[in-house]
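Structure first, then comments.
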Amino acid sequence: MAKLVYSAITSLDGYVADEDGKFDWAVPDEEIHSFVNDLERPIGTYLYGRRLYEVMRYWETAETANDPFTRDYAAIWQAADKIVYSRTLETVSSAKTRIEREFDPEAVRQLKAAAGRDLSVGGPELAAQALMAGVVDECHLFLTPVVVGGGKRSLPNAVRLSLELLDERRFGNGTVYLRYAVSSR
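Here it is, written out as structure tokens:
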């Protein structure tokens, strides 16, 4: 069975975006981007909330980027299927993408059971639903050496999870990668 992975670049105090909605402090450098590319290669389907999808659809046309690590990520992203959970989005502007109106944990379980490749859930609000429903198998967190003091939290407030550390890595810019298995309840 495929795994569902929640991956986030977060501030040390636990935010994916600051109070102004900015995340420029989280832009990965070449070392981290190359590492993320290798983590993303096994992903066959991305599950996104509308806001994150609107950010990520940049990669639909990013194959003309100047550096090889961003061109590589664009190819990885374009090759994967995408499911966007939105009640308001009317159409999508990327290939291999469909809209679902509601997050259905049972449908995600079935998707995992039938998938030949892992899935990724992105966006803290959608990830919170998946975490609370118990369908997330791993969390990949990139802790950046910045404190932003508030904003959009990377992990939900109202959920308790037992995690098992599977891997860790420190990068030259001070970012730390932590890979956790989410323990069964």
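Residues in the sequence shown are numbered consecutively from 122, following my numbering.
Just so you know, even glycine gets a beta-carbon here, dropped at the ideal spot from N, CA and C.
Per DSSP, the unbroken beta strand (DSSP E) holding L240 starts and ends at D239 to G243. Cβ-Cβ separation between V205 and Y169: approximately 5 angstroms, consistent with a contact (criterion under 8 angstroms). In the DSSP annotation of this structure, the continuous segment of the alpha helix (DSSP H) that includes F190 starts and ends at P189 to A200. Here E221 carries a strand assignment [DSSP, helix/strand/coil]. Between the C-alpha atoms of D202 and E223 there is a straight-line separation of about 18 angstroms.
With 16 or more other Cβ atoms from the protein chains shown falling within 10 Å of its own Cβ, N158 counts as buried. Classified as buried, G244 has 16 or more neighbouring CB atoms from the shown chains inside 10 Å of its CB.
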